[in-house]
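> Mind having a look at this structure? Questions to follow.
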Amino acid sequence: MPRAEVVAVHHPDATESFQPRPDIIRDMVAAGITKFTGQPDAVRAWRQIAGTNETLGIKVHAAAGRNSGTRLAVVASVIEGLLAAGVAPGRIVVWDRQEKDLRAGGFTEFAARYGVRVRGAREAGWDPDVYYDTALLGNLMYGDLEFGRAEEGVSRKSHLSTLLTQDITRHICIAPALNHNAAGVAGHLWGLALGGVDNVWRFESEAGRLATAVPEIFALPEIADRTELFITDALLCQYQGGQRDLLHYSVVANELRFSRDPVASDMLTLKQISDAREQRGERSAAAFDAELYRNAALLELGVADPKRITVTTVRLSGAKRPPSGAASRAAREAGGAGAALGESGASRPVPGRGG
7 MPRAEVVAVH
17 HPDATESFQP
27 RPDIIRDMVA
37 AGITKFTGQP
47 DAVRAWRQIA
57 GTNETLGIKV
67 HAAAGRNSGT
77 RLAVVASVIE
87 GLLAAGVAPG
97 RIVVWDRQEK
107 DLRAGGFTEF
117 AARYGVRVRG
127 AREAGWDPDV
137 YYDTALLGNL
147 MYGDLEFGRA
157 EEGVSRKSHL
167 STLLTQDITR
177 HICIAPALNH
187 NAAGVAGHLW
197 GLALGGVDNV
207 WRFESEAGRL
217 ATAVPEIFAL
227 PEIADRTELF
237 ITDALLCQYQ
247 GGQRDLLHYS
257 VVANELRFSR
267 DPVASDMLTL
277 KQISDAREQR
287 GERSAAAFDA
297 ELYRNAALLE
307 LGVADPKRIT
317 VTTVRLSGAK
327 RPPSGAASRA
337 AREAGGAGAA
347 LGESGASRPV
357 PGRGG
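Take any residue in the sequence shown, count from 1 to its spot, add 6: that is its number in our numbering.
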């Protein structure tokens with residue numbers, strides 16, 4: 007049976023008063039991508055992930071806000087690593103479902119700072135020829151491709167954004183450790199599946215609908231066949247509140263996780279959320295929404311069984327930096343502090359519930 011491999015990078019000082027420390031985040035990203043790929047430095051590691059002729063889409067979760075969504079410091083460190091590896095700025099696209107969320111989250115500032123593109127899937131337009139079709143009908147919203155049409159069969163389709171079908175050739179997804187009241191986790195599967203298609207509100211109302219639609223949409227070749235890396239931004243873990251920025255429902259974890267397996271990545275976040283809730287005497291997240299992740303495993307999108315997920319932990323501290331080539335030099339020039347690379351001895355299987 008296949009196993010999922012995850013690299014977790016931890017630094018005890020990665021955040022201060024719930025805010026990321028960019029210098030330390032650079033070190034964590036460099037250490038994580040280096041360990042994950044097995045390359046001697048971050049430049050060669052990023053070159054392995056992203057060919058210079060690819061158009062790289064960096065999927066973020068902006069709607070939850072700057073504190074609870076994908077954090078700017080993590081995305082900035084990934085962009086800097088890609089640029090140092092020789093990827094042209096115009097071939098890097100930071101995206102989410104709507105540009106208004108990207109603006110509110112501060113992501114549009116990356117266009118001026120780095121020369122990358124920042125796009126909303128909705129604003130890029132929906133592709134009439136590429137879609138997910140299911141008999142479940144919904145109420146079309148303004149902005150959906152078929153909104154305002156009255157012919158039979160309208161609202162059966164969820165069309166992919168042209169950003170995914172005509173522009174981006176490879177995906178890097180950076181998802182927060184954030185609960186979703188129906189999906190369990192506002193993570194990689196949910197974010198990539200519903201962030202790039204229209205007519206999604208028909209799925210969001212029930213956990214059972216999400217459990218079917220999210221894996222099936224994610225399995226479309228424009229998504230599943232082009233995903234290269236999943237980074238879980240677990241600097242904080244928000245265990246309640248869904249798509250709202252609620253720091254009082256958050257715990258500090260100071261961790262980033264790297265994997266090629268979106269299912270395993272989301273299962274780790276689901277367990278993290280469950281543990282945080284149980285420590286506070288609240289209902290576990292795993293009891294009612296693991297169906298989505300089991301369905302994803304049945305479609306061979308990844309590993310949902312915690313016993314087959316191996317986590318290798320890298321612990322950073324001190325005054326020296328991990329080897330990162332040009333990326334390390336660029337971070338030093340930007341005033342980044344150093345960190346010494348340490349490793350937790352052995353990989354460990356993940357304990358937890360079946361799934």
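By construction, the Cβ of each residue, glycine as well, lies at the ideal position given by its N, Cα and C atoms.
Please say whether Asn205 and Asp135 have beta carbons closer to each other than 7 Å?
no
> DSSP three-state label for Leu62, please.
strand
> Let me confirm a value: Pro328 is counted as buried when at least 16 other C-beta atoms fall within 10 Å, else exposed. Which label applies?
Caution applies to Pro328, whose pLDDT of 47 falls short of 50 and renders its modelled position unreliable; the value that the coordinates give is listed next. Pro328 is buried by the Cβ-count criterion.
> Entirely within the segment 135-209 and at least 3 residues each: give me those beta strand (DSSP E) ranges in chain order.
163-167, 176-186
> I think Ile178 touches Glu86, with their Cβ atoms under 8 Å apart; what is that distance to the nearest whole Å?
Contact flag wrong, Cβ pair sits at about 13 Å.
> So what does DSSP say about Ser256, is it helix, strand or coil?
It is a strand residue.
> Please state if the CB of Ala69 and the CB of Gln249 are separated by a distance shorter than 7 Å.
yes
> Taking 8 Å as the limit between beta carbons, can you name the residues of its chain near His254, skipping five residues before and five after?
Non-local C-beta neighbours of His254 in its own chain, meaning closer than 8 Å and more than five positions away in sequence, are absent.
> Identify the residues that DSSP records as bridge partners of Phe264: which are they?
Val13, Ile237
> Is it buried or exposed for Ala20, if we count other Cβ within 10 angstroms and need 16 for buried?
buried
> Can the beta-carbon of Gly197 be found less than 7 Å from the beta-carbon of Ala181?
yes
> Who does Leu304 pair with in a DSSP beta bridge?
DSSP output for Leu304 lists no bridge partner at all.
> Could you tell me how far apart the beta carbons of Leu262 and Asp239 are, in whole angstroms, since I believe they sit closer than 8 Å?
6 Å
> Report the option in Glu129, Ser256, Thr218, Asn185 whose CA atom is closest to the CA atom of Asp107.
Glu129
> At the level of alpha carbons, what is the spacing between Phe113 and Leu78?
7 Å
> Check the C-beta distance from Ala43 over to Ala51 and give it rounded, since I have them as a contact under 8 Å.
For the record, residue 43 in the displayed sequence is Thr; it is not Ala. 4 Å between Cβ atoms; contact.
> What distance in whole Å lies between the Cβ atoms of Tyr138 and Ser164, which are believed to be in contact at a cut-off of 8 Å?
5 Å
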